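Novice: Residue numbers (full-length UniProt numbering): 1 to 234.
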């Protein structure tokens, strides 16, 4: 059976990694049988990141590359009915989540002092002396990543302003629809849920989480997907 290797649940959300949650959501939406393997060690993972999959002799990282592989092997039930224009739009919207919104979200958790005070709880299970220096190393790596991308060069209020602009755009696209493109889910919804559930279902104190909690469309969207594809976890 195909194995999905991903981080453990935390802070009330199925996975704190939008990319892990994206991939598990895709597997569930596409009806692909799989087994979840919980693992927080990224050292042995392809590309040094999670999620990854193990499918027989195939070991693969990167959620988007994995979904391409799954489509090739199992077919494309979620996106096969999309037009060429819709597929292009889905790619652009996926980039808004993964290449734009990602960085304000990372900032809100790892750099913002309020977020960081909560995130340190993730390291409490580490043995001594790792518990003393690993959190700082991880935080430093995220800080370097955000700065290198450019978002980390802005003031906190500017970072959150960018993030809120992205969220308003997503809110506009979703509108009153059940899913991003209408009444049926597509792979874009797996991406969207991966990010939106990480804001709706967690209680970090920052403008992004507050916006998510105050947006009825986001709350209903996440509840719909949770009920439709994760009901077995209740």
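We put the CB at the ideal spot given by N, CA and C, even for glycine. Remember, it's a predicted structure, so these values are computed and weren't measured experimentally.
When the Cα of residue 42 is compared with those of 36, 9 and 52, which residue comes out closest?
Specialist: For the purposes of this step, residue 42 is identified with residue 42 of the chain shown, where counting begins at 1. Answer by Cα proximity: 52.
Novice: Where does residue 10 sit, in a helix, a strand or coil, going by DSSP?
Specialist: Locating residue 10 in the chain shown gives position 10, where the first residue counts as 1. Residue 10: strand per DSSP, three-state reduction.
Novice: Quick one, which of 175, 73, 206 and 10 has its alpha-carbon nearest residue 113's?
Specialist: What you label residue 113 is simply residue 113 of the chain shown in a count that begins at 1. For residue 113, the nearest C-alpha among the options comes from 206.
Novice: State the Cα-Cα distance for the pair residue 129 and residue 140, rounded to the nearest angstrom.
Specialist: As a working note, residue 129 is residue 129 in the chain shown. As a working note, residue 140 is residue 140 in the chain shown. Answer to the nearest angstrom: the Cα atoms are 18 angstroms apart.
Novice: Taking DSSP's pairing of strands, which residues face residue 52 in a bridge?
Specialist: Start at 1 with the first residue of the chain shown, and residue 52 comes out as number 52. Its beta-bridge partners are 5 and 61.
Novice: Any contact of the segment 153-169 with the segment 193-211, i.e. 3+ C-beta pairs under 8 angstroms?
Specialist: Counting Cβ pairs under 8 angstroms, three or more are found: they touch.
Novice: Per DSSP, what are the beta-bridge partners of residue 103 in this structure?
Specialist: Position 103 of the chain shown holds residue 103. DSSP, once it has assigned bridges, lists no residue as partnering residue 103.
Novice: With DSSP as the reference, identify every bridge partner of residue 182, one or two as the case may be.
Specialist: Residue numbering aside, residue 182 sits at position 182 when the chain shown is read from its first letter. Bridge pairing for residue 182: 179 [DSSP].
Novice: Taking the CB atoms as reference points, tell me whether residue 3 and residue 58 lie closer together than 8 angstroms.
Specialist: As a working mapping, residue 3 is identified with position 3 in the chain shown. As a working mapping, residue 58 is identified with position 58 in the chain shown. For residue 3 and residue 58, no; Cβs fall outside 8 angstroms.
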